[in-house]
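S.K.: Chains as they are written, first to last, in our numbering: chain A, 1097 to 1404; chain B, 1097 to 1404; chain C, 132 to 408; chain D, 132 to 408. Virtual Cβ for every residue (Gly too), placed ideally from N, Cα, C.
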Amino acid sequence: MTEDVVLAGQRFANRVFAAAGCAGTGRELPAQANLAGLGAVITRSITPEARAGLAAPRIAETPSGLINALGLPGPGIEGFLADELPWLVDHGAAVIVSIAAEQAADYARLAQRLRQVEGVIAVEINLSNPVTESGRLPAAMDAGLAGGIVHAVRRNTAAGTPVFAKLSGDTTDIVSVARACVGAGADGVSLINAVRGMGIDAATGKPALGAWTGGLSGPAIKPIALRAVWEVHAALPDLPIIASGGVRTGTDAAEMMMAGASAVSVGTALLSDPTAGIRVREELAGIAARREGGLQGLLGCAHQEVTA
Amino acid sequence: MTEDVVLAGQRFANRVFAAAGCAGTGRELPAQANLAGLGAVITRSITPEARAGLAAPRIAETPSGLINALGLPGPGIEGFLADELPWLVDHGAAVIVSIAAEQAADYARLAQRLRQVEGVIAVEINLSNPVTESGRLPAAMDAGLAGGIVHAVRRNTAAGTPVFAKLSGDTTDIVSVARACVGAGADGVSLINAVRGMGIDAATGKPALGAWTGGLSGPAIKPIALRAVWEVHAALPDLPIIASGGVRTGTDAAEMMMAGASAVSVGTALLSDPTAGIRVREELAGIAARREGGLQGLLGCAHQEVTA
Amino acid sequence: MSQAGQWTATVMARRDTGDYAVVTLSAGTDTSTARPGQFVSVKVAGPDSALLLRRAMWIGEATASGREGGTIEVVADLREPGGAWLAAQPQSARVDVIGPLGRPFSLPRDPTTCLLIGFETATAALVKLAEDLVSRGCRVRFLLLGQNVAYGALTARRFSSEIMDSSGRITSPRDATLSQLDDSVEVVYSAGTTEQLQPVGQILMGKGVAHQAAVETPLVCGSRTCTLCALPVRGRDGVTRMVRACTEGPVFQGDFVRWDDLGTVPGDCLGASEEIR
Amino acid sequence: MSQAGQWTATVMARRDTGDYAVVTLSAGTDTSTARPGQFVSVKVAGPDSALLLRRAMWIGEATASGREGGTIEVVADLREPGGAWLAAQPQSARVDVIGPLGRPFSLPRDPTTCLLIGFETATAALVKLAEDLVSRGCRVRFLLLGQNVAYGALTARRFSSEIMDSSGRITSPRDATLSQLDDSVEVVYSAGTTEQLQPVGQILMGKGVAHQAAVETPLVCGSRTCTLCALPVRGRDGVTRMVRACTEGPVFQGDFVRWDDLGTVPGDCLGASEEIR
Ligand SMILES: Cc1cc2nc3c(=O)[nH]c(=O)nc-3n(C[C@H](O)[C@H](O)[C@H](O)COP(=O)(O)OP(=O)(O)OC[C@H]3O[C@@H](n4cnc5c(N)ncnc54)[C@H](O)[C@@H]3O)c2cc1C
Ligand SMILES: Cc1cc2nc3c(=O)[nH]c(=O)nc-3n(C[C@H](O)[C@H](O)[C@H](O)COP(=O)(O)OP(=O)(O)OC[C@H]3O[C@@H](n4cnc5c(N)ncnc54)[C@H](O)[C@@H]3O)c2cc1C
Ligand SMILES: Cc1cc2nc3c(=O)[nH]c(=O)nc-3n(C[C@H](O)[C@H](O)[C@H](O)COP(=O)(O)O)c2cc1C
Ligand SMILES: Cc1cc2nc3c(=O)[nH]c(=O)nc-3n(C[C@H](O)[C@H](O)[C@H](O)COP(=O)(O)O)c2cc1C
Ligand code: FES
Ligand code: FES
């Protein structure tokens, strides 16, 4: 059984990726994490300038989940290109660069800067960052804003480099946002980013995060991610979907594929187990091998059973 | 310390309620559940006609959560008034009747029918039911639709009976929906209903629920509920909020109050432990007793710490 | 334990049979009043667990009194997270249990020949039944279907010499049932999941044999609250209703269950609308 | 165990001290190379658990070899879900551990007098430190703060007669630190949460005493991935950066930590924007 797959014209060695921000920029991971064994490593979201991030605490544990508010800390695009990307490439990772900014023009500039950079096989647009155009609503919450940013990025990205728009599961109508992104030139979508959430520390009576609210990730949100994947695949069956949200095992990955994902990315699970990506990949391959049709046969099969 | 509280002009013996659909109509619970000991019992959503509900399976377990798609089974308003309500009243329950329909006119008729009925101390409007006006989007997802239904219900409800609008945590902007409901006459809001989710059974490759998608409830969604309560309380600090979403302990209830809830309701936890409501009430009272300001002092205190 | 209640059981022992473990729970009170076909609902995890829901378990052997009051045996599926959790509890661990729950099997007034059909763990539901039937002078014949029927087989051997188990010899539950149905059989008792019992229920429908089926369905609250356990059952008035297995079952008269329509809300069901598949 | 790795430890023993339990884990290899101030990251639950994240634990006593290779001791807080889980594991249970992690304390080149300040469970971080200091001819003095310092106190008594513990006699960590700072003390080693160490760090700032602080901060991946453990630290170039405690710490030079600004991203920090509180 072959594990490789072509998404939006780009070949990936397999369908299990590291989700944005959850393999860091890679160099931090112990050798067991074996980045080269993953279909792709999606970087944390790279911003135009270096950012220190938000105030502590930046994280709190919740039942089967995690809320975080990091504020996209990182060295900015130049630091990333000088230092982090070469390391990833040297270590055999297939790199998808995630980008985030506060306005469409800055997204465009990031895309422009990534053009022709050796080793960038795709771009993922993080649309969950608040954008100034909207009075600080994340663009993923608004089809118009999202489409505008996708358009700016697509125009500034080399033709052979696919662009994925990363959407939110807690928007009123994810299908209309996905349609707007596709209309604006997105080659695929990543579903879903962390869900807006909050923690309160009952002992102190204060918000658990320094930034008050944050993103909920982990197994808790898997049902929300499956629903998003299901809805978008039903509406846009040919659109490549990279699914994330609580994937921890090969079974989780298979469920995402059955709902309509072409690939899955592992996020929170990597934080507590750096080898989770490789394990998910192996388990998924095992599940596919025990069924007819292999990995490709899993894709969207839950829809077939239902419409049959 | 007194546990009682006045919300929207109505007195409740305490702040811990049974969430809609999770104490059934009451008669099914073992004696330990002690419905009379809760601040209120919110009935499952009562519909104009009897309904059989959706196809099986109606439920699946998820990490720290539950997805269900029942389809509002029940005897309809007449069956409810004839049979279930009198039993609840006889057993000392303070009854909030939840209503659901497919169009504003039917909501209005339900409200009309409940007018002057002995023992109904408040009405909760379930806005998560798909409505025909919208092409089957739940009204809670749309400020205009939600406001229209609230208006119809409020006009047909007796002046002394408060009306609560139950909203969704996975709408793009819950504050604007809450504002619309208040503008249309809602005396308070219930936050949040189960979040749209899905399960796939990897063994069969089919959706885990007969209805494909369903509502995610339980501790998994507590961070989403806290965020919704926080946002609505920040925008509308005087609005009574009944919070639900993963409340299982007195600490959970205290967190909801700190985020801005005046009362909490216990849902999924009642399914596995019929005495959870009474336990949460006792634990919450204990937490309040150990702090200055008692129960009322908890209300919204996380905002005070932050703005101070 | 004669009335449903919530109690704290103590794990007394565990012994394994294939993919299943037999767990003995002490109840602190007399457990011999539990009736065949009833079940308990077990909280299968602690406060930090991601598993929220209780698991239903058939009551197998039940003794009136042991070292710590009466005991019951349940058979836990080790391949399922809930069963695995229960089986992993060390001796003297405490477990939150609600029960006994549900309507039991009814027993024939006069001595007769009964066929007892059990699938997998559900064979546990037949253990006390066989005992009660034999003590009333009935003759019992067993049909045990599935990979893991060792627990039921043990009882079967105590009460019957007519035992057929499925270790490879049986083509389908339907054929197996037919093969056991001779004229002497007046009552069939069956126990299994709705999927497992469907062919049995279908084949017996209208055959003139009394059929009582103890069904495993998704079952969450166990107390008529959540309606999650509902299945379509025809009433004596001919009207089909979505009926809660946890309280109006788990034992149903086989001829009233809409076997062909399991998993659906039939269009002629009370309160069904056309939109529902 | 000298290089960070992921390994399966076996629970060897547990003994309780107040609200804490000392858990002995066997590593299967030589553990004596773990350096003072390092920690391990422990997976505190199984697959059905609602707790997702690892917990960091200071390495206390570490032996080169025991029955099953070397062992380490960790002190688990029983009041926290993670610590309670670890302590509840029965003997010979297997636990997933990553470590040893982090930059250790540096030791003074020449014999000198050192003040070791430990809070609560973090006193465990001082155990191997005291041993190493004394073996280099240093004099060690202890200040143990908090309700549950019994584990640290045991070591303290082995290596020092100058022990002050907080059982009621101390008004504040600040005053206690001051009271112990006479001219003989050249190096202060401290261990505790950032909140606990803040007054100690503040009072020592610019006092001319070397201060090495081992800080507990929220720490998730332990491997420089998540940036969740970052705190503001001034570099030798005078520039403040948000620095990861898990890899550039947990031991920091006290004078470089921005004690007054913990929990914030200071405005003059590299990459800070004005919008950040
Ligand atoms: C009356 C009755 C008696 C039972 N007796 C036994 C027994 O003796 N031994 C045994 O091992 N199992 C028994 N079961 C099944 C058992 O309760 C578990 O559902 C089953 O073991 C699967 O466990 P799980 O941990 O995978 O839970 P899941 O199947 O994932 O179920 C999680 C929750 O959803 C409910 N649920 C969802 N789908 C189903 C379904 N198809 N069937 C039942 N519940 C579902 C469960 O009750 C539970 O609350 C019985 C079920 C019923 C209804
Ligand atoms: C270097 C280091 C060494 C430690 N050594 C010990 C020890 O020896 N004994 C001991 O009992 N505890 C120790 N801790 C703290 C321990 O890791 C747990 O965070 C603490 O016991 C609280 O546990 P909890 O189960 O309530 O988890 P929570 O505090 O709820 O934390 C859940 C997760 O978030 C992280 N987290 C969130 N907030 C914090 C915070 N303020 N501090 C630390 N982590 C946080 C945790 O690491 C964990 O991954 C240490 C922490 C660090 C950073
Ligand atoms: C610590 C952490 C950092 C993250 N950083 C980013 C990021 O920089 N950009 C982004 O698009 N998503 C980021 N995410 C979201 C993940 O990529 C992923 O989409 C989400 O967490 C859901 O998947 P999971 O449940 O597997 O974690 C981050 C998530 C976590 C937990
Ligand atoms: C089995 C079940 C039935 C429910 N029925 C209703 C209902 O009839 N009307 C309604 O508004 N909400 C209903 N809910 C939603 C709950 O009232 C509650 O708002 C939601 O589950 C979140 O709270 P929880 O996490 O405590 O369950 C139901 C939830 C469950 C789990
Ligand atoms: S299991 Fe809840 S009503 Fe039957
Ligand atoms: S704990 Fe993740 S970077 Fe330090």
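By how many angstroms is the C-alpha of A193(C) removed from the C-alpha of G353(D)?
M.R.: About 51 Å.
S.K.: Assuming G1341(A) and I1374(A) make a contact with CB atoms under 8 Å, what is their CB distance in whole Å?
M.R.: Contact flag wrong, Cβ pair sits at about 20 Å.
S.K.: Just the Cα atoms here: how many angstroms apart are S1358(B) and P1333(B)?
M.R.: For S1358(B) and P1333(B), the distance between alpha carbons rounds to 11 Å.
S.K.: Considering only the alpha carbon of each residue, which of R372(C), L156(C), V318(C), T378(C) lies closest to V346(C)?
M.R.: The candidate whose alpha carbon is nearest that of V346(C) is T378(C).
S.K.: Below 8 Å on the Cβ atoms is my guess for I1337(B) versus L1287(B); work out the distance and round it to an integer in Å.
M.R.: About 6 Å; that satisfies the 8 Å criterion.
S.K.: Please classify M1294(B) as buried or exposed, where buried requires at least 16 other C-beta atoms within 10 Å of its C-beta.
M.R.: With 16 or more other Cβ atoms within 10 Å, it is buried.
S.K.: Against chain C, does S180(D) count as a neighbour if the rule is that its beta carbon must be under 8 Å from one of theirs?
M.R.: Taking Cβ atoms only, chain C reaches closer than 8 Å to S180(D), which makes this a yes.
S.K.: Can you tell me where the beta strand (DSSP E) holding L1150(B) begins and where it ends?
M.R.: Element bounds for L1150(B): n/a, residue is neither H nor E.
S.K.: Could you give the distance in angstroms between the alpha-carbon of S172(D) and the alpha-carbon of R1147(B)?
M.R.: In a straight line, the C-alpha of S172(D) is about 53 Å away from that of R1147(B).
S.K.: May I ask which residues mark the beginning and end of the beta strand (DSSP E) holding I1163(B)?
M.R.: Segment 1161–1164, the beta strand (DSSP E) holding I1163(B).
S.K.: What whole-angstrom Cβ distance do I1296(B) and V351(C) have, given they're in contact under 8 Å?
M.R.: Going by Cβ atoms, the distance from I1296(B) to V351(C) rounds to 20 Å, so no, they are not a contact pair.
S.K.: Sort S291(D), V331(D), M188(D) by Cα distance to R269(D) and report the nearest one.
M.R.: Sequence inspection shows Cys at residue 269(D); the Arg mentioned does not correspond to that position. Of the candidates S291(D), V331(D), M188(D), the one whose C-alpha sits nearest the C-alpha of C269(D) is S291(D).
S.K.: Grouping DSSP H, G and I as helix and E and B as strand, with all else coil, what is E251(D)?
M.R.: Looking at E251(D) - three-state DSSP - the assignment turns out to be helix.
S.K.: Are there 16 or more other CB atoms within 10 angstroms of the CB of T325(C), so buried, or fewer, so exposed?
M.R.: Buried: at least 16 other Cβ atoms inside 10 Å.
S.K.: Using a Cβ-Cβ distance cut-off of 8 Å, determine whether R1386(B) contacts chain A.
M.R.: No, because no Cβ of chain A sits closer than 8 Å to the Cβ of R1386(B).
S.K.: In this structure, does DSSP put D220(C) in helix, strand or coil?
M.R.: The question names Asp, yet the displayed sequence has Gln at residue 220(C). Coil, per DSSP.
S.K.: Let's see if you can read the secondary structure: which residues bound the alpha helix (DSSP H) around M1353(A)?
M.R.: Unbroken alpha helix (DSSP H) run through M1353(A): 1346–1355.
S.K.: Is the CB-CB distance between R1323(A) and T1309(B) below 8 Å?
M.R.: Result yes, Cβ atoms of R1323(A) and T1309(B) sit closer than 8 Å.
S.K.: What's the C-alpha gap between R288(C) and Y282(C)?
M.R.: Straight-line Cα distance between these residues: approximately 10 Å.
S.K.: Just to confirm, does R1375(A) get its C-beta within under 7 Å of one of the non-hydrogen atoms of ligand 3?
M.R.: It does not: the Cβ of R1375(A) is nowhere closer than 7 Å to a heavy atom of ligand 3.
S.K.: Please state if the CB of V1362(B) and the CB of V1343(B) are separated by a distance shorter than 8 Å.
M.R.: Yes.
S.K.: Consider the Cβ of R95(C): report whether some Cβ of chain B lies at a distance smaller than 8 Å.
M.R.: This structure does not reach residue 95(C), given that chain C is present from 132 up to 408, and the question cannot be answered.
S.K.: For ligand 6, is there any heavy atom lying closer than 7 Å to the beta carbon of G1389(B)?
M.R.: For ligand 6, not one heavy atom lies less than 7 Å from the Cβ of G1389(B).
S.K.: Could you tell me the distance, in whole angstroms, from the CA atom of G1188(B) to the CA atom of G1135(B)?
M.R.: The straight-line gap from Cα to Cα measures roughly 11 Å.
S.K.: Determine the DSSP secondary structure at E1388(A), reduced to helix, strand or coil.
M.R.: E1388(A): coil per DSSP, three-state reduction.
S.K.: Using C-beta distances below 6 Å, list every residue in its chain close to N1060(A), excluding the 5 sequence neighbours before and after it, in chain order.
M.R.: Residue 1060(A) lies beyond the residue range present for chain A, which begins at 1097 and ends at 1404; the question has no answer from this structure.
S.K.: Can you tell me the Cβ-Cβ gap for E1229(B) and L1210(B), rounded? I've got them flagged as a contact below 8 Å.
M.R.: That belief does not hold up - the Cβ atoms of E1229(B) and L1210(B) are roughly 22 Å apart, past 8 Å.
S.K.: Would D1179(A) pass as an interface residue toward chain B - the criterion being a Cβ-Cβ separation below 8 Å?
M.R.: Not an interface residue.
S.K.: How about A1115(B): is its C-beta nearer than 8 Å to some C-beta of chain C?
M.R.: No - not a single Cβ of chain C is within 8 Å of the one on A1115(B).
S.K.: Counting only Cβ pairs nearer than 9 Å, list the residues of chain C close to R1251(B).
M.R.: Within 9 Å Cβ-Cβ: nothing; R1251(B) doesn't reach chain C, min ~27 Å.
S.K.: Name, in chain order, the residues that DSSP records as bridge partners for F1108(B).
M.R.: The partner list for F1108(B) (beta bridge, DSSP) reads V1101(B).
S.K.: Report the neighbours of W138(D) on chain C: residues whose CB is nearer than 9 Å to its CB, in chain order.
M.R.: Those within 9 Å of W138(D) in chain C number zero; the least Cβ separation is about 23 Å.
S.K.: If we define contact as Cβ-Cβ less than 8 Å, is C357(D) a contact residue for chain A?
M.R.: Interface residue, yes.
S.K.: Using a Cβ-Cβ cut-off of 8 Å, state whether G323(D) counts as contacting chain A.
M.R.: No, because no Cβ of chain A sits closer than 8 Å to the Cβ of G323(D).
S.K.: On the CB-based measure, 16 or more other CB atoms within 10 Å of its CB, does Q329(C) come out buried or exposed?
M.R.: With 16 or more other Cβ atoms within 10 Å, it is buried.
S.K.: Is the beta carbon of P167(C) less than 8 Å from the beta carbon of L260(C)?
M.R.: Yes, the pair counts as a contact, with Cβ atoms nearer than the cut-off.
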